[in-house]
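Structure first, then comments.
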Amino acid sequence: MNLFQLETSLGIVIKESTSEDIEEYYKKYLRLLYKNKKFTLLLEEARKMHLLYPKSVAALEWICKVYSEQIAQGVEVLDVSESIIEEYYKKLQVLNHASSMVLLAQGAVLFKNKSFIESRDALTQGTVCFVKIFQLNPSILLC
């Protein structure tokens, strides 16, 4: 099975299945969308996942990750306004205060608003946080 077929299959499973494993399929689907550089669809599906699983950090982390990366690359993220990304990273912070994605998204928003010093501080903190997490769990890079 190639990546396109896998993506299609996972997309069908998350929409039509009544299985209790949908959240895990969603995580795999979002990871695959990221690998295939389908960022707009990833953001859309991550929002849907967050509505279905509001206590899960996975969807919020993907939203923050994609937003941060797009801003860092100078790409305008049309699907996510600043107020919405702030809402998402604040929810993520409540669910997982140690998530480096919170600081990266916050840094991206500050950078976009030309608050460069505050942005640098948030991004530096996010990097330090990520390094600490990586030292505890090196398999984190497998996502």
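Here the sequence shown is numbered in the working numbering, starting from 15 and rising by one per residue.
Cβ coordinates follow ideal geometry from the N, Cα and C atoms, glycine included.
Predicted, not measured: the structure shown is a model, and the values here were computed from it.
Original post:
Helix, strand or coil for G88 per DSSP?
Top reply: Numbered from its first residue, the sequence shown carries residue 88 at position 74. Residue state, collapsed to three classes: coil.
Subject >> Contacts around M63, its chain only, beta-carbon distance under 6 Å, and the 5 residues preceding and following it disregarded >> reply: In the sequence shown, the residue the question calls residue 63 occupies position 49. In its chain, beyond the 5 residues on either side, Y40, A73 have a beta carbon closer than 6 Å to the beta carbon of M63.
Original post:
How would you call K128, buried or exposed, if buried means at least 16 neighbouring beta carbons within 10 angstroms?
Top reply: To locate residue 128, count along the sequence shown from 1; it is residue 114. Counting every other CB atom within 10 Å of its CB across the protein chains shown gives K128 a total below 16, marking it as exposed.
**OP:** Use the C-beta contact count for G88: other C-beta atoms within 10 angstroms, 16 or more gives buried, fewer gives exposed.
**Re:** Looking up residue 88 in the sequence shown gives position 74. Flag for G88 reads exposed.
**OP:** Drop a sphere of 10 angstroms on the beta-carbon of L106, count the other beta-carbons inside from all chains shown, and report buried for 16 or more, exposed for fewer.
**Re:** Counting from 1 along the sequence shown, the entry for residue 106 is found at position 92. L106 should be labelled buried.
Original post:
Which two residues bound the contiguous alpha helix (DSSP H) that contains K173?
Top reply: A query on residue 173 cannot be resolved here, the shown segment of the chain reaching from 15 to 157 and no further.
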